[in-house]
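Residue numbers (mature numbering (1 follows the signal peptide of the UniProt record, and there is no 0)): -24 to -1, 1 to 713.
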């Protein structure tokens, strides 16, 4: 039997949804294989930072005009190259107006900037950091975790034999920072505001066998050192090869590099032991105070030599002079990592005045150069929504209107017997499905996720979740998840009462423990693996206890409160009565097979988000900034509409074929998009990442399994409620004798 026209059109739409460039998506300058490896040349010269090998584009990378709202400062035009402090070579080409906004005006401007989503409020934490500095004020540098895109296992900075201060002090961290693996500590690097320092000795270490092994392992895995000054992350400026004077920034610098040197046949390991810092500041001439707006570094590997006996920081080095403006030259030999050899750590720091104001200092970190790709994703998704909306409109305005008018005019029994299509199953369409209690549980879980994501995105779009607040986004999502347990319990018990259930406490218990329990089990297993690797990414016992306390102390009680309130509400009345004897379902066509229709239904919701999914995965696993919540919020709205409409369309065709078992299928139709999400994550793993260790691969797939599980609950719930309202609407519009 040939499929009808609607099935052919739907299949064609699925192919169009996946035929966009994102199926084999490539983002210049992001994927790990797009960066050149640092290799020492055959001639003696210091190791240089990695430079990008950016793919050429037909279109210019210049950023289009945009409006940026940052704490009362409006930047009218920002172009690529207005990098961290790059106001002279590629300055912000704009006029900024210092304005004060409050109330509706601020919200309106925030909504306008949300389209580009460059909005956040750095002033929210201004008082927690040094906002103003005068001449010679101390500037302590903090160190953060060591990170690698090859292992995905962060380590503490002092897990390597680096120079240590007299006392190591851990900075207070929020819940999100701990879960991210951040370990922020003090360091022996301390500057004085606007006081350049040249060739300052930090310390000297003697490399033992254990230390050499650790350093070589971290260099092999391409670990990067992360530092913080005035809450700004340390970056390495990299000049674009396709735009003169334009820069982009890599977070942190490599521990070292591996390569051949001086004609050696074997590859050797070299450590970056000399750091050339650049601190850029914006100066207020009236008050003679300065604010830090950029923190950059250029790492070098230099084999230092000195005269006489070693006298700590008073030792005179022959390879550089602390009293002269001397740049490391190509004649300097790199510092090899060898057992028994000494390594001397040094640094320079230079201060440069910048025109970038303090409120705009994060712009360069968050500057996105791929707007066209995001807009293409949105337009592509909107075309899918438009097509589905047309199908739903056709069903509602043509087919249903005609059918309802016809059915309402039936007066005789003979005419009533001629009824065909979806109305024939009116006596069974609201029959409770099998395993209805589990359907209630998963619907409640999906409502919990929906509430959490909606509130999070609204706050992010309005700029309340600043990237300067490390871990703030994750902390907010966790707390919102906990408090949304009230909605989970309410929605699950309301649906359970519709199914004539009576044990609401049982449903509340399952809702409170099914999804969180599964996720906690996977998370505990992954955390044990991280502990085994002695990584700082392992969640400490105290944090684990705090998570359990949030779960049992707040979330579970709220689920029970919501269930109690929902069960006390009046039962939702069905528009038609349910027959006592179930109707036999006729044999279905092959294209109406449940498995086939469920798998087809998940393609379009996934097609609406998978381009944006690429950027999210890149942000998480390649350690890139992602702060374009305006685009993400639009995609989220498109996802909601797509899930609802595809579920309605397939549900209607299912009812027309006299199959009334729509409850679970409506959930699984849109929820099957989670399967495609996990398959895409697998594709991304093998094509974009360079993970080689088994533990790292297990971590990746474990976390993506959790994400897919959550996506299943979210999209499934959206599809279910769409069909739930749709069926009640159409059957309440027909006269039933």
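Glycine included, each C-beta is placed from N, C-alpha and C at the ideal position.
Residue i - containing beta strand (DSSP E), residue span
i, result
"residue 275", "265 to 276"
"residue 175", "173 to 182"
"residue 252", "250 to 260"
"residue 598", "No beta strand (DSSP E) holds residue 598; DSSP gives it neither H nor E."
Distance, residue j Cα to residue i Cα
i, j, result
"residue 484", "residue 193", "49 Å"
"residue 615", "residue 427", "15 Å"
"residue 283", "residue 299", "16 Å"
"residue 337", "residue 419", "43 Å"
"residue 197", "residue 126", "6 Å"
"residue 704", "residue 457", "30 Å"
"residue 273", "residue 146", "23 Å"
"residue 292", "residue 318", "16 Å"
"residue 397", "residue 156", "54 Å"
"residue 566", "residue 633", "12 Å"
"residue 43", "residue 332", "Unreliable placement is indicated for residue 43, whose pLDDT of 31 sits below 50; the coordinate value is still reported in the next sentence. Rounded to whole angstroms, residue 43 to residue 332 spans 16 Å at the Cα level."
"residue 620", "residue 558", "28 Å"
"residue 625", "residue 421", "24 Å"
"residue 642", "residue 623", "6 Å"
"residue 270", "residue 335", "12 Å"
"residue 369", "residue 417", "31 Å"
"residue 701", "residue 695", "10 Å"
"residue 472", "residue 543", "8 Å"
"residue 446", "residue 121", "13 Å"
"residue 187", "residue 599", "27 Å"
"residue 433", "residue 687", "16 Å"
"residue 627", "residue 708", "16 Å"
"residue 569", "residue 158", "49 Å"
"residue 238", "residue 311", "13 Å"
"residue 459", "residue 531", "6 Å"
"residue 323", "residue 536", "58 Å"
"residue 260", "residue 173", "23 Å"
"residue 354", "residue 611", "7 Å"
"residue 609", "residue 129", "30 Å"
Check whether residue i and residue j have beta carbons under 8 Å apart
i, j, result
"residue 405", "residue 697", "no"
"residue 250", "residue 278", "yes"
"residue 268", "residue 208", "yes"
"residue 692", "residue 644", "yes"
"residue 117", "residue 163", "yes"
"residue 689", "residue 425", "yes"
"residue 342", "residue 205", "no"
"residue 538", "residue 465", "yes"
"residue 225", "residue 313", "no"
"residue 452", "residue 441", "yes"
"residue 640", "residue 699", "no"
"residue 112", "residue 203", "no"
"residue 685", "residue 494", "yes"
"residue 119", "residue 133", "yes"
"residue 201", "residue 229", "yes"
"residue 255", "residue 327", "yes"
"residue 575", "residue 646", "no"
"residue 161", "residue 144", "yes"
"residue 175", "residue 296", "yes"
Closer than 7 Å: residue i CB and nearest the ligand COA heavy atom
i, result
"residue 706", "Absence of the ligand COA is noted for the structure shown, with no ligands found whatsoever."
Boundaries (first-last residue) of the alpha helix (DSSP H) holding residue i
i, result
"residue 642", "639 to 647"
"residue 539", "532 to 544"
"residue 312", "Element bounds for residue 312: n/a, residue is neither H nor E."
"residue 665", "Premise fails: residue 665 is in no alpha helix (DSSP H) and is neither H nor E."
"residue 405", "Residue 405 -> no alpha helix (DSSP H), and no H or E assigned at all."
"residue 129", "Element bounds for residue 129: n/a, residue is neither H nor E."
Per DSSP, the bridge partner or partners of residue i
i, result
"residue 244", "235"
"residue 523", "None, per the DSSP bridge assignment."
"residue 214", "224"
"residue 434", "Answer is none; residue 434 lacks a bridge partner."
"residue 114", "168"
"residue 322", "177, 250"
"residue 123", "200"
"residue 230", "200"
"residue 656", "BP columns for residue 656 are empty, so no partner."
"residue 282", "293"
Should the segment 498 to 513 be regarded as contacting the segment 143 to 154, the criterion being three or more beta carbon pairs within less than 8 Å? Contact between the segment 498 to 513 and the segment 143 to 154 is absent, because fewer than three Cβ pairs lie under 8 Å.
Is it true that the segment 587 to 601 meets the segment 652 to 667, where meeting means three or more beta-carbon pairs spaced less than 8 Å apart? Touching, per the Cβ criterion.
Per the contact definition of three or more C-beta pairs closer than 8 Å, is the segment 551 to 564 in contact with the segment 475 to 484? Flag = no, the segment 475 to 484 and the segment 551 to 564 do not touch.
So, does the segment 660 to 674 touch the segment 599 to 610, judging by three or more C-beta pairs under 8 Å? These segments do not touch.
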